[in-house]
Amino acid sequence: MDLKSSFSGIFESILSKEPLFKDKDILRHSYTPSELPHRESEIKQLATILAPALKGETPSNILIYGKNGTGKTIVTKFVCDLLVETLKKNTNFYPVTPIYLNCEVTDTQYRILANLAKHFGEKIPFTGWPTDKVYNAFKKSIDEENRCVIIILDEIDKLVSKSGDTVVYNLTRINSELKNAKVSIVGISNDLRFTNYLDPRVQSSLSEEELVFSPYNARQLEDILRQRAEMAFKPGVLDEFVIPLCAALAAREHGDARKALDLLRVAGEVAERENAEIITEKHVRRANEKIESDNIVEVVRTLPTQSKVLLYAIILLEERGSEMVTTGEVYDIYKRMCKSLSLDILTQRRVSDLISELDLLGIINSHVVSKGRYGRTKEIKLEVSPVGIKLVLEDDTRLRNLSNFKFPQRRLF
DNA sequence: TGTCCACTGGAAGGGAGGGCTT
DNA sequence: AAGCCCTCCCTTCCAGTGGACA
2 MDLKSSFSGI FESILSKEPL FKDKDILRHS YTPSELPHRE SEIKQLATIL
52 APALKGETPS NILIYGKNGT GKTIVTKFVC DLLVETLKKN TNFYPVTPIY
102 LNCEVTDTQY RILANLAKHF GEKIPFTGWP TDKVYNAFKK SIDEENRCVI
152 IILDEIDKLV SKSGDTVVYN LTRINSELKN AKVSIVGISN DLRFTNYLDP
202 RVQSSLSEEE LVFSPYNARQ LEDILRQRAE MAFKPGVLDE FVIPLCAALA
252 AREHGDARKA LDLLRVAGEV AERENAEIIT EKHVRRANEK IESDNIVEVV
302 RTLPTQSKVL LYAIILLEER GSEMVTTGEV YDIYKRMCKS LSLDILTQRR
352 VSDLISELDL LGIINSHVVS KGRYGRTKEI KLEVSPVGIK LVLEDDTRLR
402 NLSNFKFPQR RLF
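Just so we're aligned: the first sequence equals residues 2 to 414 in the working numbering.
Below is the structure:
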C-alpha cells in the first residue's frame, strides 16, 4: 500500500469529528461580551466621568489602575462603545471621538502623536518629521470641528518609563491651545506607583479622577467563565469541576480573567486533540502547563542573539553546579562564547542591562547582593527548566555550535 | 572604623538606519 | 545631495554602595 492511500480520507476524518466548541473566539481576549459581570460599578463610574463629553463639556482626565486581567481595558472600551452608540442614536449630542492607543506598542512621543493624527486623516510618515510638526498637524486636524476627543493611553506606565512624560504633559495642556475641540485623557496602568515618575503638574492634571480595579476573586471568575462557556462550548461538554478549577488557578495569579479564559480555551483544545468527548480537570491541568511552557518558549525563541548567548552562558554555569551565578562569571563565559561564534562582544555595562531584561521577562531571577570585601554584584538564578530552553536556543542556527562549547579549565570561582 | 571590592545603574552621547525637506 | 529629525542599540564615564575584612 502506498503512503498516500494509507492517509486517504485523513482530512474528512479530522473534520468529521464532533467539535467541542461552538465558537472558540468567544474565549479570546479580543472578544468584547455584551455583559461584564462584576464590573457594573466601574462601568457606572467611568460613564459618569465621561458623560459630560456628550454635552460639549470636557470630561476630567482619568487614571485607571489595576492588575493584569482585571478588566480595565475591556471596561474602558465597553464604555466608549456605549458612548459612540448613544451618539448615533441621538444626534443632538456633541460629537465624541474615543481613540485607543496601546503604549506598549506605541511607545514614543512621535508615534503617539503620529497615531493620533492619523485618526483624523493626516498622512504622517513613521519617521522623518520633527515631533513638533507632528504635534501641530494633530492639533490642527482635531480643531477643525467642535468635538471631544477621548485619548485612551493603555499601559501608560510603559510609555512614561521609556520616553518620559513629555507627551502626556503636552496632551494634558493641549486644551488651552484649541479653539473648537476638547481633549481628555484616560490613562490605564497596572503599576500603582507610576505617577511618582511624573512631573507634579502632569501628575495632578492626569489624575483628576482615579479608578481602581480590584482583582476578581475565584467566585467572580467562575461567573465570567460560565457566561462565556455557555456561548463558546456545545452543551454538556464541560465536566462540572472544569470551571471552578480554571477560576481557582487564575485567582491564584492575582485574579487574572485573561488567564482564566486562556485556561478554559486551551483545555478545550487539548481535549479536542485527544478526541475526548468531555473536557475534564485533567485537560485543565495540561492546559496550564502548556500555556506556561508555550509562553516561555516563544519569549526565548524571539530573543536577540546576544541575549540568547547570555542565557546560554547562565544555563551552562548553573548546569556546572553553581547555585548562584554572578554577573562577572556570566560575562566571562559570555565573552568566550562570543569569541567562539565570532560575534561582537558587548560591554559589561550593556550585558548588565540585558541581564535585567531577562529578569523582567521572567526567564531568570536576579537581585543585587553585596559580598562585602568581594564587591557588589547581581546573583542570577534560572527561573525556567534548562533542558527545554537549551534546545530552543540550539535551534538558532547562529548558536548551534555552542552545543560543544568547552568550559575553560581554570575554575572561575 | 575605614578601606576596598566588583560591581550597579544613571547620564550623555555616538552612530547607523530609517525617513523627510529643500 | 545636503541637512535635518527620530529611534535603537550601544559605549564611555563615573559616582555610588553594602558589607567583609584588617
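Cβ atoms here follow ideal geometry from the backbone N, Cα and C, with glycine treated the same way.
Beta-carbon separation (whole angstroms), residue i vs residue j, contact threshold 8 Å
i: Y335; j: V310; result: 6 Å
i: L117; j: I152; result: 7 Å
i: L64; j: V97; result: That belief does not hold up - the Cβ atoms of L64 and V97 are roughly 20 Å apart, past 8 Å.
i: L154; j: Y66; result: Not confirmed; about 13 Å, so no contact.
i: V285; j: L264; result: 6 Å
i: K68; j: N197; result: No, K68 and N197 are not in contact; Cβ-Cβ is about 18 Å, not under 8 Å.
Strand pairing of residue i, partner residues [DSSP]
i: F234; result: F22
i: H255; result: Bridge partners of H255: none, in fact.
i: Y99; result: As written in the sequence, residue 99 is Pro, which differs from the Tyr given in the question. According to DSSP, which records beta bridges pairwise, P99 is partnered with I151.
i: G67; result: F214
i: H368; result: E380
i: I186; result: I152
i: T327; result: E380
i: I175; result: Note: I175 sits in no beta bridge, so no partner.
i: I438; result: With the chain covering only 2 through 414, there is no way to say anything about residue 438.
Nearest-angstrom Cα separation, counted from residue j out to residue i
i: E178; j: P60; result: 17 Å
i: R148; j: A251; result: 41 Å
i: L317; j: K379; result: 17 Å
i: E324; j: I315; result: 11 Å
i: V85; j: V169; result: 24 Å
i: V80; j: E105; result: 22 Å
i: L383; j: Q349; result: 20 Å
i: S9; j: R274; result: 20 Å
i: V187; j: E19; result: 45 Å
i: L415; j: I143; result: Because the chain in this structure spans residues 2 to 414, residue 415 falls outside the shown range and cannot be described.
i: D224; j: G269; result: 18 Å
i: K180; j: K78; result: 27 Å
i: S208; j: V184; result: 15 Å
i: S212; j: I244; result: Position check: residue 212 holds Leu in this sequence, whereas Ser was assumed. L212 and I244: Cα-Cα distance of roughly 29 Å.
i: H120; j: N62; result: 20 Å
i: G363; j: L88; result: 44 Å
i: S164; j: R259; result: 28 Å
i: R401; j: V203; result: 50 Å
i: P53; j: F94; result: 10 Å
i: M417; j: D82; result: The question about residue 417 has no answer, for the chain in this structure spans 2 to 414.
i: L4; j: F12; result: 15 Å
i: E319; j: D360; result: 16 Å
i: N91; j: K25; result: 35 Å
i: Q110; j: Y101; result: 15 Å
i: F234; j: I15; result: 19 Å
i: N276; j: A230; result: 19 Å
i: P126; j: L114; result: 11 Å
i: K407; j: V369; result: 29 Å
i: D423; j: T306; result: The structure shown does not extend to residue 423, since the chain spans only 2 to 414, so no value can be given for it.
i: G57; j: P99; result: 14 Å
6 Å Cβ shell around residue i - same chain, five flanking residues per side excluded
i: V298; result: V393
i: I346; result: K336, C339
i: Q221; result: H39
i: R266; result: L28
Top-ranked residue by Cα proximity to residue i, from the options
i: I365; options: I346, T328, D345; result: T328
i: E358; options: P131, K291, L222, S308; result: S308
i: A219; options: S142, T173, H39, T49; result: H39
i: S215; options: K163, G72, K283; result: G72
i: N137; options: A233, L172, D24; result: L172
i: I175; options: N276, L403, F139; result: F139
i: P34; options: L226, E254, K391; result: L226
i: P236; options: D166, D354, K23, D3; result: K23
i: E146; options: V135, T132, A182; result: A182
i: S399; options: D166, E254, L344, E123; result: According to the sequence provided, residue 399 is Arg. The question's Ser does not apply to it. Of D166, E254, L344, E123, the residue nearest in Cα terms is L344.
i: I27; options: R377, E123, Q228; result: Q228
i: L199; options: W130, D166, G129; result: D166
i: E41; options: D133, D396, Y217, V326; result: Y217
i: K372; options: V326, L262, E123, N289; result: V326
Nonlocal neighbours in the same chain, by C-beta distance under 8 Å from residue i, ignoring five residues either side
i: I356; result: L311, T328, V331, I365, S367, K379, I381
i: F195; result: I157, D158, V161, S162
i: R412; result: Residue confidence is low: R412 scores 48 on pLDDT, short of 50, so the model does not pin down where it sits. No coordinate-derived value is stated.
i: R287; result: A268, V271
i: I44; result: L37, V76, F79, V80
i: S17; result: none
i: D108; result: K159, L160, K163, S164
Beta-carbon contacts of residue i that lie in its chain and below 7 Å, excluding the five residues immediately before and after
i: A249; result: A219
i: D1; result: Lying before the first or after the last residue shown, residue 1 is absent from the chain, which here runs from 2 to 414.
i: S206; result: N62, T173
i: L21; result: F234, K235, V238, G269, A272, E273, I280
i: I50; result: P60, S61, I63, E210
Proximity test, residue i beta-carbon vs the ligand MG heavy atom, cut-off 8 Å
i: D82; result: This structure lacks the ligand MG, and indeed carries no ligand of any kind.
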